[in-house]
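Heads up, the sequence shown is in our numbering, so the first residue is 2 and it goes up one at a time. Note that CB positions come from ideal geometry on N, CA and C, so glycine has one too. Okay, structure first, notes after.
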Amino acid sequence: MSAPVIRFAGVSKRYGRAPVLRAVDLAVAAGEFFGLVGVNGAGKTTLIKCMLDFCALDAGSIELFGIRHTLPRARARLAFLPERFLPPYYLTGRDFLGFMLSLQDRPHDDDAVARMLAVLDLDPAALDRPVRAYSKGMTQKLGLAACFLSGRDLYVLDEPMSGLDPKARAGVKALLAELRGRGATLFFTSHALSDVAEICDRMVILHQGVPYFAGAPRSLCDHYGESSLERAFLRCIEAPADA
Ligand SMILES: Nc1ncnc2c1ncn2[C@@H]1O[C@H](COP(=O)(O)OP(=O)(O)OP(=O)(O)O)[C@@H](O)[C@H]1O
Ligand SMILES: [Mg+2]
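Okay, here's the thing in structure tokens:
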């Protein structure tokens, strides 16, 4: 098997005295679509912040593409959408996309941008308005457009469906299917277990700083003898030691 694209080894993180991540071991293979779920405050975003070197680890190590995560080149093949995506308020949508494409060293392809906006159902006329005049969902679509236009190999998306209408959610799923077709890797978080089941090859439930139930989403129900994903999830976090 090829080396994992993402590898967490014994990663621990506290805020003050409160432990958030406890010796997390996790690996995501090239081409895998991976979903991280857990209750509010479980540590999902913290795990991503650790991965991206936005905060220091208390213990353990992380590698991206086999490169230590603190080295900038570890992130060279990665596109990231934060859970609270806030582009600079004074830019127009067009300026923001142009800025992101230049940062990513990508050519500005008007046809690719137009197609992306169509798939995400974002009115092209909005690109000429400052992003401070966007609704929450429009802002999210702009961030997703910048990620999907990046042409990168690894997509780290923290609650990418947040605030999206059903049409845009379907568009994101179509774009993810395209990424899968070209062998990209996905690491995403979501509270919508049905999305995780539809999109991911494998999921992990993070609870009290520890990963539980690593497996195919469709096997979560079987594992807990439940017929609904929500109930199986609740069983896992109520008695994680059984996982
Ligand atoms: N900068 C910070 N300073 C102190 N505590 C923090 C900080 N960031 C997060 N925390 C705490 O760490 C824990 C995990 O937060 P995190 O944002 O990683 O959760 P999450 O799983 O992403 O939750 P959600 O589903 O709500 O996005 C929470 O208890 C939170 O209060
Ligand atoms: Mg979060």
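Where do the N-terminal and C-terminal ends of the alpha helix (DSSP H) with residue i fall, by residue?
i      : result
Asp223 : Arg219 to Tyr225
Arg130 : Segment: none, Arg130 is in no alpha helix (DSSP H) and carries neither H nor E.
Asp96  : Gly94 to Leu104
Ala147 : Lys137 to Phe149
Thr71  : First-last for Thr71: undefined, no H or E at that position.
Cys51  : Lys45 to Met52
Would you check if the distance between the CB atom of residue i and the CB atom of residue j is smaller than 9 Å?
i      : j      : result
Phe66  : Ala10  : no
Phe189 : Gly61  : no
Ala185 : Tyr225 : no
Val38  : Leu121 : no
Is residue i near ligand 1, in the sense that its beta carbon is under 8 Å from a heavy atom of that ligand?
i      : result
Leu58  : no
His224 : no
Tyr135 : no
Tyr16  : yes
His70  : no
Ala77  : no
Leu207 : yes
Gly164 : no
Leu27  : no
According to DSSP, is residue i helix, strand or coil?
i      : result
Gly204 : One detail in the question is off: residue 204 reads as Met in this sequence, not Gly. If DSSP states are grouped into helix, strand and coil, Met204 belongs with the strands.
Arg183 : coil
Val120 : helix
Phe189 : strand
Gly17  : coil
Asp166 : coil
Ser62  : strand
Arg107 : coil
First and last residue of the beta strand (DSSP E) that includes residue i?
i      : result
Leu82  : Leu79 to Leu82
Leu155 : Leu155 to Asp159
Leu37  : Phe34 to Val38
Ala215 : Val211 to Gly216
Q. In chain order, what residues place their C-beta within less than 7 Å of a heavy atom belonging to ligand 2?
A. Lys45, Thr46, Glu84, Asp159, Glu160 and Thr190
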